[in-house]
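Chemist:
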Amino acid sequence: MPQEKDVATEDHVRCAVVALTTVFESLGAEHQALVAEAEKTSVSERRGTVTRMYEEIAQTARTVSSSIIELATVRGLRDLDIRQQFSMDAEGCDYSPLVILTSPSEVLHDIANYLAEAAETLGRAYKPTKKYPGLAVARCPRQMKLVFSSLRAALDAVCTDLSTHDPEVTEDHTSTRRLLTELEDRVCPTIPSQSAGPSAEEVVTAIRANPAVARAAAAALARLGGSRPAALGTASL
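Here UniProt numbering is used: the first residue of the sequence shown is 1, the next is one more, and so on.
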């Protein structure tokens, strides 16, 4: 009797595909920036380090692309209800000497390993060197934060799917999650958000309330070459 398709399981596959597509798209900006940097770098050893970095980014993109295709295979195998199909012998029983049609869970195990490999590749890309440790940072931190977090989300989705058959799979990939978190924290330093500053009305109120502020504003405008700095004298305010 054909097994019913698990909707929740299918959602895990879809979530992994969405997350990996984000990873794939976000790698482009970093690769582009590293290639441009390498072309402008004259010191051969420094250029070699940057070149190695963008080559590792390119390898990560290839691994992610392959993983997306494999996830599509999982979806197809499930839709067609192919789950470790054997050939049949003359009596209609499973015939094991021939190859077996792979099962979705086997493909998912492979994908989990591919994602671990992608994380390790990124780890090599941003491994600080003794001579140029400062190069081991993201040139496009916003995109690379998406890369690390989305790769981790994809791995979580795959492991959640597999955990129904292999409860230990999540623990098996704990080190990969840890690596991705460490890379995100180290490679993509958080940039403090810039305050929007006071509104125009608040500035005018401060000028009117304090002659010293008015004089400072007039002086600042004069330094900027404004055409009407003289109009901000305290007499007019």
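C-beta: ideal position from N, C-alpha, C; glycine also. On a predicted model such as this, the values are computed, not experimentally measured, just so you know.
Please give the ranges of any alpha helix (DSSP H) in the region 77–165, keeping only runs that are unbroken, at least 4 residues long and fully inside the region.
Modeler: The qualifying runs are 104–125 and 141–162.
Chemist: Tell me the residue span of the alpha helix (DSSP H) that contains THR170.
Modeler: In the sequence shown, the residue the question calls residue 170 occupies position 170. Taken as a continuous stretch (DSSP letters only), the alpha helix (DSSP H) holding THR170 covers 169–172.
Chemist: Okay, do the region 143–157 and the region 174–185 touch, 3+ Cβ pairs below 8 Å being the bar?
Modeler: As far as the Cβ criterion goes, the region 143–157 touches the region 174–185, which means the pair count is three or higher.
Chemist: Would you call the CB atoms of ALA38 and TYR54 closer than 8 Å?
Modeler: Translated into the one-based positions of the sequence shown, residue 38 becomes position 38. Translated into the one-based positions of the sequence shown, residue 54 becomes position 54. In this structure, TYR54 lies closer than 8 Å to ALA38 by Cβ.
Chemist: Any idea what DSSP makes of PRO211, helix, strand or coil?
Modeler: One-based indexing of the sequence shown puts residue 211 at position 211. Three-state result, PRO211: helix.
Chemist: Looking at GLN143 and SER65, is the spacing between their C-beta atoms short of 8 Å?
Modeler: What you label residue 65 is simply residue 65 of the sequence shown in a count that begins at 1. What you label residue 143 is simply residue 143 of the sequence shown in a count that begins at 1. Result no, Cβ atoms of SER65 and GLN143 do not sit closer than 8 Å.
Chemist: From LEU155, ASP94, VAL50 and ASP166, pick the residue whose C-alpha is nearest to that of LYS127; which is it?
Modeler: As a working mapping, residue 127 is identified with position 127 in the sequence shown. The shortest Cα separation from LYS127 among LEU155, ASP94, VAL50 and ASP166 belongs to VAL50.
Chemist: With DSSP as the reference, label CYS15 as helix, strand or coil.
Modeler: Working through the sequence shown from its first residue, we reach residue 15 at position 15. It is helical.
Chemist: Keeping to the same chain, check which residues put their C-beta closer than 6 Å to that of HIS12; ignore five residues upstream and five downstream.
Modeler: On the sequence shown, residue 12 is found 12 positions in, with the first residue counted as 1. The answer, listed in chain order, is ALA157, THR160 and ASP161.
Chemist: Residues in the same chain with beta-carbon distance under 6 Å from ASP94, minus the five sequence neighbours each way, listed in chain order, please.
Modeler: Translated into positions along the sequence shown, residue 94 becomes position 94. If we look at ASP94 and ignore the five residues flanking it on each side, its Cβ neighbours are PHE86.
Chemist: Please tell me whether ALA153 and LEU115 are closer than 8 Å, where the distance is taken between their beta carbons.
Modeler: For the purposes of this step, residue 153 is taken as residue 153 along the sequence shown, with counting starting at 1. For the purposes of this step, residue 115 is taken as residue 115 along the sequence shown, with counting starting at 1. Their beta carbons are not under 8 Å apart, which means ALA153 does not touch LEU115 by this criterion.
Chemist: With a Cβ-Cβ cutoff of 8 Å, do GLU117 and THR170 count as a contact?
Modeler: Taking the first residue of the sequence shown as position 1, residue 117 is located at position 117. Taking the first residue of the sequence shown as position 1, residue 170 is located at position 170. Contact: no.
Chemist: Can you find the residues in the same chain that come closer than 7 Å, C-beta to C-beta, to SER105, ignoring five residues on each side of it along the sequence?
Modeler: Stepping through the sequence shown from its first residue, residue 105 is reached at position 105. Cβ neighbours of SER105 beyond the five flanking positions: LEU162 and HIS165.
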